[in-house]
Amino acid sequence: MILEETSTSPTLWFLCTLMLSLLADGVAVLPAPQNLSVHSTNMKHILTWSPVVVPGQTIYYSVQYQGEYESLYLSHMWIPSHWDSPIAKPECDVTDDITATVWYNFRVSATLGSQTSAWSILEHPFNRNSTVLTPPKTEVTKDGSHMVIELEDLGPHLEFNVVYWRSEPDAEERSKLIKNGGISVHLQTMEPGAKYCAKAQTLVKAIERRSAFSRVECVEVEGEALPLALALFAFVGFLLTLALVPLFIWKVGKVLRDSCCPTVVLPDTLKITNSPQKLISSRKEEVEPCAMSVLSSEDLLRAWI
């Protein structure tokens with residue numbers, strides 16, 4: 069009986085001592101967050117974890133990261149995430165923390181009042197070149213006779229390669245690099261009655277990767293060619309204009325010449341045909357060509373006709 073008491077006393081003493089030390093030193097009694105993982109799409113990286121649940125209490129979390137530089141040259145230093153303030157939801161946008169195509173590690177701890185859990189570390193380090201790239205949503209429209217495309221805005225780190233062509237056999241494809249989404253971009257001027265198509269893909273130069281192409285969208289401009297009769301009428305009118313303009317100019321010049329420098333012909337009664345001196349010739353004799361005279365409105369009308 070005595071032997072049994074002496075064998076169990078050290079065990080009880082150790083357990084009581086451990087509980088007292090935990091309470092006295094204020095060591096964390098909260099469980100650490102579990103199941104850390106990074107979900108990355110189109111260069112946007114979200115760190116998530118399973119929440120720590122305490123009924124009736126709000127748990128806050130702290131996030132720290134460690135890149136290749138901190139691991140190799142700063143003695144495994146951990147840096148607080150850009151979300152420096154403790155956050156209440158079990159996720160954190162760590163996009164701004166990942167600035168290079170190297171391996172990054174993350175850790176998370178929970179806080180409740182003065183109690184803090186142990187750090188829970190991401191099981192597998194994350195590299196941003198593993199992000200999932202998706203094709204952008206596109207909208208191809210027409211502005212008059214212009215082909216216009218608007219791309220989904222996927223953030224500042226992404227560019228877009230747009231391929232467009234005229235929908236016909238053996239059509240030549242053209243491409244255009246668009247830096248930003250969310251704006252309308254003119255692609256080309258379309259011919260009436262023809263159909264034009266376009267598709268786009270997401271590009272990330274930092275990791276030298278691109279997504280698949282989006283679905284093909286097409287747009288068509290209704291035929292706006294002039295009817296044949298109207299075209300012929302316009303052509304005939306053009307020819308008539310070319311013929312009548314010189315005639316009009318010649319007629320106006322003639323009227324102006326006759327009004328400024330008229331030709332005066334002597335009447336037959338003033339002609340002296342039997343004079344030996346032949347002062348006035350029997351033929352029509354013209355006066356000085358530039359003798360000024362004023363014609364009446366009736367004379368001008370008669371000269372024009």
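With the first letter of the sequence shown counted as 1, position 259 gets the number 327 in the numbering used here; the numbers rise by one all the way through.
From the three backbone atoms N, C-alpha and C, an ideal C-beta is built for every residue, glycine too.
This one's a predicted model, so the numbers in the text were calculated from it and none came from an experiment.
Where the beta strand (DSSP E) containing Tyr63 begins and where it ends: Absent from the model: residue 63. The displayed extent of the chain is 69 to 373, so no value can be given.
Span separating the alpha-carbon of Met111 from that of Tyr232: 26 Å
As assigned by DSSP and simplified to three states, the class of Leu255: strand
Residue range of the alpha helix (DSSP H) that includes Glu285: Glu285 -> not in any alpha helix (DSSP H); beta strand (DSSP E) instead, spanning 285 to 288.
Residues near Val200 in its chain [Cβ-Cβ closer than 8 Å; skip 5 each side]: Ser108, Thr109, Asn110
Alpha-carbon spacing of Ala266 relative to Ile275, whole angstroms: 25 Å
Neighbourhood of Glu220 by C-beta distance below 8 Å, restricted to the same chain and skipping five residues each side: Pro204, Lys205, Thr206, Gly249, Gly250
As assigned by DSSP and simplified to three states, the class of Asp164: helix
Identity of the residues DSSP links to Trp117 by a beta bridge: According to DSSP, Trp117 bridges with nothing at all.
Pick from Val287, Ser243, Ser279 that is closest to Lys263, judged by C-alpha positions: Val287
Spatial distance of Gln134 from Leu271 (CA atoms): 27 Å
As assigned by DSSP and simplified to three states, the class of Thr309: helix
Meets three-Cβ-pair contact criterion under 8 Å: the segment 277 to 284 and the segment 237 to 246: no
DSSP-derived helix/strand/coil call for Pro357: Here the model assigns Pro357 a pLDDT of 49, short of 50, so the residue's position is not dependable and the matter cannot be decided.
Span separating the alpha-carbon of Val208 from that of Val216: 6 Å
Same chain, Cβ closer than 6 Å to Leu190, five either side skipped, listed in chain order: Leu104, Asn173, Phe174
Asn229 versus Asn197 - alpha carbon distance: 19 Å
Endpoints, the beta strand (DSSP E) within which Glu227 is located: 227 to 234
Local Cβ density within 10 Å of Leu222, reported as buried at 16 or more and exposed below that: buried
Buried/exposed call for Leu315, threshold 16 Cβ in 10 Å: exposed
For Gln256 and Asp165, the rounded distance between their alpha carbons: 40 Å
Same chain only: Cβ atoms within 6 Å of Arg278, ignoring 5 sequence neighbours per side: Gln269, Leu271
Residues of its chain near Pro101, where Cβ-Cβ distance is below 8 Å and the 5 sequence neighbours each way are ignored: Trp117, Ser118, Pro119, Val120, Tyr129, Pro158, Val176, Ser177, Ala178, Ser185, Ser188
Length of the line joining the Cα atoms of Asp93 and Ile127: Confidence at Asp93 is low in this model, with a pLDDT of 45, below 50, so its placement is unreliable and no value can be given for it.
Supposed close pair Ser149, Gln132 - CB separation, criterion 8 Å: 6 Å
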